[in-house]
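Beneath this line is the structure, given in structure tokens, with notes to follow.
Numbering (UniProt numbering), first residue to last: 1 to 147.
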């Protein structure tokens with residue numbers, strides 16, 4: 001399966017997780033990794049599955065590298081019918097009121113443009129003891145079973 005992995009990051013954690021996911025999948029799938037900052041929304045049409053790893057920043061905002069992509073979604077409202085995606089969020093529950101909002105808002109924007117969500121959005125808690133990949137890899141295995 002052709003799987004594109006995109007990341008929106010402020011500190012680099014989402015990028016590292018995206019690379020880890022690609023490494024896990026590369027033996028069985030055709031994978032690519034890209035920064036959302038350098039991605040046109042229409043690029044999501046090229047893959048059979050798009051995995052998006054997106055952190056939240058500050059008060060539930062998008063991270064810096066996701067902002068150009070989000071602006072394109074808002075300004076252009078591209079038709080993303082047929083695009084299938086799954087979102088894994090990175091957040092910190094210390095910011096209880098806005099925990100995981102960056103990934104949630106991005107998923108909502110993609111759906112508003114006609115894309116289809118696969119699976120449930122999961123958010124890794126930086127305040128917890130688990131590593132992001134400890135949640136992301138089993139989550140993705142479940143997504144792939146239904147894809």
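Cβ coordinates follow ideal geometry from the N, Cα and C atoms, glycine included.
Next on the checklist: Closer than 8 Å is the cut-off here; do at least three beta carbon pairs connect the segment 84 to 103 with the segment 48 to 56?
Outcome noted: yes
Checklist entry - Can the beta-carbon of residue 113 be found less than 8 Å from the beta-carbon of residue 41? => result For the purposes of this step, residue 113 is identified with residue 113 of the chain shown, where counting begins at 1. For the purposes of this step, residue 41 is identified with residue 41 of the chain shown, where counting begins at 1. Against a cut-off of 8 Å, the Cβ pair of residue 41 and residue 113 comes out as a contact.
Checklist entry - Where does residue 118 fall in DSSP's three states? => result In the chain shown, counting from the first residue as 1, residue 118 sits at position 118. Three-state DSSP puts residue 118 in coil, outside helix and strand.
Checklist entry - By a C-beta neighbour count over all protein chains shown, 10 Å radius and 16 as the cutoff for buried, is residue 132 buried or exposed? => result Mapped onto the chain shown, residue 132 falls at position 132. Burial call: buried.
Checklist entry - Going by the beta-carbon positions, is the gap between residue 59 and residue 9 smaller than 8 Å? => result The count along the chain shown starts at 1 and reaches residue 59 at position 59. The count along the chain shown starts at 1 and reaches residue 9 at position 9. No.
Next on the checklist: Helix, strand or coil for residue 4? Go by DSSP, reduced to three states.
Outcome noted: As a working note, residue 4 is residue 4 in the chain shown. Here residue 4 sits in strand by DSSP.
Item to check | Simplified DSSP assignment, three categories, for residue 83 | outcome: For the purposes of this step, residue 83 is identified with residue 83 of the chain shown, where counting begins at 1. Residue 83: coil per DSSP, three-state reduction.
Checklist entry - Taking the beta strand (DSSP E) that residue 30 falls in, what are its first and last residues? => result Counting from 1 along the chain shown, the entry for residue 30 is found at position 30. Residue 30 -> beta strand (DSSP E) spans 30 to 35.
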